[in-house]
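The structure appears right after this line, and notes come after that.
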Amino acid sequence: MLRRTIPMIITFVVGAVLVVSFFIPHRPFGQLGEDFSVFFDIISVFAFVLGGGNLVWIHGDKISKRRPGWGYSVVCLLGFFVTLVMGLLKLGNPWGIQGDVTEAGSMFNSIYEFVFTPLSSTMFALLAFYVASASYRAFRAKNIEATILLVAAFLILLGRTFVGALLTVWVPDSLAFLRVPNLANWVMMTPNLSGQRALMIGISLGIISTSLKLILGIERNYLGADSE
Amino acid sequence: MSVRFGLAGFIFLLAALACAANVLAAENAGAVAPPVAAMAVDTPSDAGGSITIRFRPSPGEGEATDPVVSYQVSRSPCRPDRFENMGSSTSYALANAGKITREAPLIEVVDSDTRDEVEYFYQVTALTKAGRRSEAVTVGPVQSKAQWFARDKLNLLLLAAVVSAAILIFIEAIRRGKIPFVRKIAGLEAVDEAIGRATEMGRPILFVPGTQDMNDVQTVAGIIILGRIAQTIAEYDTHLMVPTSRSLVMTTARETVREAYIAAGRPDSYNDEMITYLTDEQFGYVAGVNGIMVREKPATCFYLGSFFAESLILAEIGNSIGAIQIAGTAQPAQLPFFVAACDYTLIGEELFAASAYLSQEPKQLGSLKGQDVGKAIAMFFILLGSLLATVAALTGSSSWWAVADWVRGLFRMAG
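Going down the list, the protein sequences come from chains A and B.
In terms of numbering that gives the first Met the number 0, the first sequence opens at residue 0 and continues consecutively.
In terms of numbering that gives the first Met the number 0, the second sequence opens at residue 0 and continues consecutively.
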């Protein structure tokens with residue numbers, strides 16, 4: 000009972016106070032949003048121990064039982080512990096143990112610069128290929144909606160390159176709106192922006208509704224309890 | 000001798016006076032006009048510590064030869080004789096070059112470094128391109144203080160109150176009366192089918208609750224949906240995998256799924272290893288989830304929460320392994336990627352409606368009807384605003400513009 004009631008009371012008090020503080024700039028209310036954000040960060044730091052512990056437990060178990068793919072777990076744990084030790088002991092730090100953990104020249108910084116950043120960039124770069132493959136599937140003119148999507152996408156792609164401007168440079172000034180870059184801008188600023196705004200209105204209402212249900216305890220599923 | 004010198008001295012004095020008069024006249028002719036209607040007020044709707052100085056541009060901004068290009072603002076605490084330069088503000092003409100505005104020109108300088116309850120005096124001086132200065136305009140005394148209500152957020156408060164009241168009224172009304180009509184959401188209708196497919200194929204189900212923490216309402220919505228579908232997954236006795244990118248999300252998801260398994264009558268099937276933590280790093284997490292997808296080949300993938308650039312990478316990998324994919328996010332920029340790569344997508348508000356839809360509880364469904372009131376208000380004012388702006392543009396009437404601007408101002412966000 001208590002393990003559900005206490006979190007619900009905390010949710011109600013914090014939610015109500017934060018809503019009120021949004022409309023009251025006077026101290027201490029005006030500052031509460033930032034204060035709660037700091038509290039959340041502190042709790043997250045403690046929770047990270049749980050996450051790190053889970054990572055070591057799951058992969059350690061996989062290695063010890065020689066489950067399929069255990070080699071990847073070795074790489075994962077090796078990376079985790081090497082980075083952790085480098086950071087905690089500040090190895091190679093020009094200012095020693097008193098220096099900043101991200102000090103240039105430290106081993107931790109080197110791992111970040113020369114291992115982590117290139118790996119992250121590699122993952123991000125994959126996006127270019129996936130955009131191409133997803134576009135290929137999405138832009139097949141299977142029906143009217145997909146055809147409209149295809150035409151709009153083609154127009155915008157063309158309008159964002161010099162080719163679009165070159166193709167319609169001959170169009171007289173009186174019909175300048177028919178030039179491809181102008182048409183592309185119109186698609187982005189009129190139908191696209193209207194759609195985005197409609198989405199945002201719906202999302203805002205959804206957020207208000209969900210927040211209200213959480214604050215008032217109507218929605219309790221996230222606490223591991225069904226709604227009542 | 001003395002008479003001659005006396006006469007010469009008199010003539011010299013006359014000449015000097017004439018010269019001085021000419022110089023003064025010339026200076027008066029070229030005097031720089033000071034800024035107009037200057038005033039200093041306590042910055043409204045703030046937590047104190049700030050005073051706003053407002054003035055209208057100097058007529059000298061319009062001069063062709065040596066126009067006013069900036070305004071120097073000086074401050075003196077307690078008494079009006081110890082002014083210190085606070086900095087300069089660009090002229091209205093320069094700041095608004097090329098912009099069409101129907102609003103009256105007004106320059107605002109905010110001094111955000113004041114002590115509350117202390118009197119301040121301010122001086123505003125117009126400066127020309129050639130460095131000439133206008134006469135300083137002194138305003139004050141004025142004090143800053145913290146306000147108890149942000150009046151510029153009154154419109155938001157009223158809107159939030161109306162929408163919240165509508166939601167609560169409908170929740171109460173529907174709890175007592177008939178169940179409202181809720182349109183079918185294809186993505187949620189397909190949930191049972193997707194879980195059934197995984198069960199038949201004997202392959203696991205992957206649930207990705209986004210890459211943000213529990214302080215993001217989208218993550219909360221994702222976890223709530225996880226709770227709903229975990230119960231069905233438990234009933235079907237299918238393997239569930241929930242890799243998370245935040246420790247708090249992992250902890251919350253474990254509680255939610257454990258309760259769902261208990262509710263389904265299968266507490267023994269629950270295992271903490273279903274919900275794992277990978278990493279907080281965005282692309283490290285993507286790499287980890289992609290690895291799980293390629294190795295475990297889940298038959299069904301759910302992506303419900305807050306996503307950024309990782310959305311398409313996840314969805315394309317899911318597509319390549321032939322999984323049925325249901326996605327949902329309130330990030331408008333990521334929705335096209337999910338629509339392109341997934342079988343079903345919950346668009347924006349549908350993510351927040353999913354819990355009510357899946358549970359079919361009267362209280363939850365009432366909240367959906369309450370949201371409809373908010374949409375009706377939005378639609379009414381969009382139509383009204385469009386109509387007023389169209390009439391104003393066609394007639395060119397400043398009165399119509401004023402009405403259209405007033406309607407637009409009702410929904411302007413403060414700050």
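No residue lacks a Cβ here, since even glycine has one placed at the ideal position from N, Cα and C.
Does the beta carbon of residue 276 of chain B come closer than 8 Å to any beta carbon on chain A?
yes
Close-in-space but distant-in-sequence residues of the same chain around residue 158 of chain A (CB under 6 Å, 5 per side omitted):
179, 180, 183
Closest by CA to residue 116 of chain B, which one among B:158, B:159, B:50?
B:50
Counting pairs of beta carbons, one from the region 204 to 220 of chain B and one from the region 294 to 307 of chain B, are three or more of them closer than 8 Å?
yes
Start-to-end residues for the beta strand (DSSP E) that takes in residue 134 of chain A:
Where residue 134 of chain A is concerned, there is no enclosing beta strand (DSSP E), although the alpha helix (DSSP H) it sits in stretches over 116 to 137.
On a CA-only basis, which of A:220, A:218, A:27, A:214 is nearest residue 9 of chain A? Give me that one, please.
A:214
With the cut-off set at 8 Å, would you say residue 65 of chain B and residue 124 of chain B are in Cβ contact?
no
Which residues, taken in chain order from the region 245 to 265 of chain B, show a beta carbon closer than 7 Å to some beta carbon of chain A?
246, 247, 249, 250, 251, 254, 255, 257, 258, 262
Enumerated in chain order, which unbroken segments of the beta strand (DSSP E) with a length of 3 residues or greater are wholly contained in the region 310 to 345 of chain B?
323 to 328
Jot down the residue ranges of each uninterrupted beta strand (DSSP E) in the region 139 to 182 of chain B, minimum 3 residues, whole runs only, in chain order.
none
C-beta neighbour in chain B for residue 113 of chain A, strict 8 Å
no
Of all the CB atoms in chain A, is at least one closer than 8 Å to the CB of residue 315 of chain B?
yes
On the premise that residue 213 of chain B lies in contact with residue 237 of chain B, defined as a C-beta separation below 8 Å, what is that separation, rounded to the nearest angstrom?
Not quite, the Cβ-Cβ distance comes to about 26 Å (not below 8 Å), so this is no contact.
Cβ neighbours of residue 28 of chain B in the same chain (closer than 6 Å, five flanking residues each side left out):
For residue 28 of chain B, the predicted model reports a pLDDT of 48, less than 50, meaning its position is unreliable; a value from the coordinates is still stated below. None.
Against chain B, does residue 212 of chain A count as a neighbour if the rule is that its beta carbon must be under 8 Å from one of theirs?
yes
So is residue 350 of chain B in contact with chain C if we call contact Cβ pairs under 8 Å?
Of the chains in the structure shown, none is chain C; the protein chains are A and B.
Contact set between the region 201 to 216 of chain B and chain A, restricted to residues whose Cβ is under 7 Å from the partner:
212, 214, 216
Only counting the same chain, and skipping five residues up and downstream in sequence, which positions put a Cβ closer than 7 Å to that of residue 170 of chain A?
177, 178
Amino acids of chain B, ordered along the chain, whose beta-carbon sits closer than 9 Å to that of residue 205 of chain A:
216, 220, 329, 347, 348, 349, 350, 351, 352, 370
Just the C-alpha distance for residue 336 of chain B and residue 372 of chain B, rounded to the nearest angstrom, thanks.
30 Å
Does residue 98 of chain B have its Cβ less than 8 Å from a Cβ in chain A?
With a pLDDT of only 45 at residue 98 of chain B, under the threshold of 50, the placement of this residue in the model should not be trusted, and no figure is reported.
Counted within 10 angstroms of its Cβ, other Cβ atoms place residue 130 of chain B as buried (16 or more) or exposed:
exposed
Cβ pair residue 382 of chain B, residue 184 of chain B closer than 8 Å:
no
Chain B within 8 Å of residue 24 of chain A, Cβ atoms only
yes
Determine, for residue 156 of chain B, whether the minimum Cβ-Cβ distance to residues of chain A falls below 8 Å.
yes
Per-residue burial, residue 212 of chain A [other beta carbons within 10 Å of its own, 16 or more giving buried]:
buried
With 16 as the cutoff for other CB atoms within 10 Å, does residue 333 of chain B come out buried or exposed?
buried
What residues are listed by DSSP as bridge partners for residue 241 of chain B?
B:274
Measure the beta-carbon distance from residue 54 of chain B to residue 35 of chain B and round it to whole angstroms, keeping in mind my assumption that it falls under 8 Å.
7 Å
Compare the C-alpha of residue 280 of chain B against each of B:254, B:295, B:268, B:309 and name the closest.
B:309
Range covered by the beta strand (DSSP E) that runs through residue 69 of chain B
67 to 76
Does any C-beta atom of chain B lie closer than 8 Å to the C-beta of residue 125 of chain A?
yes
Establish whether the CB of residue 44 of chain B and some CB of chain A are separated by less than 8 Å.
yes
Please list the partners that residue 218 of chain A has in chain B, where partner means a Cβ-to-Cβ separation under 8 Å.
223, 354, 363
Residues of chain A with a CB under 7 Å from the CB of residue 405 of chain B: which are they?
Per Cβ cutoff of 7 Å: no residues; residue 405 of chain B is ~20 Å from chain A at best.
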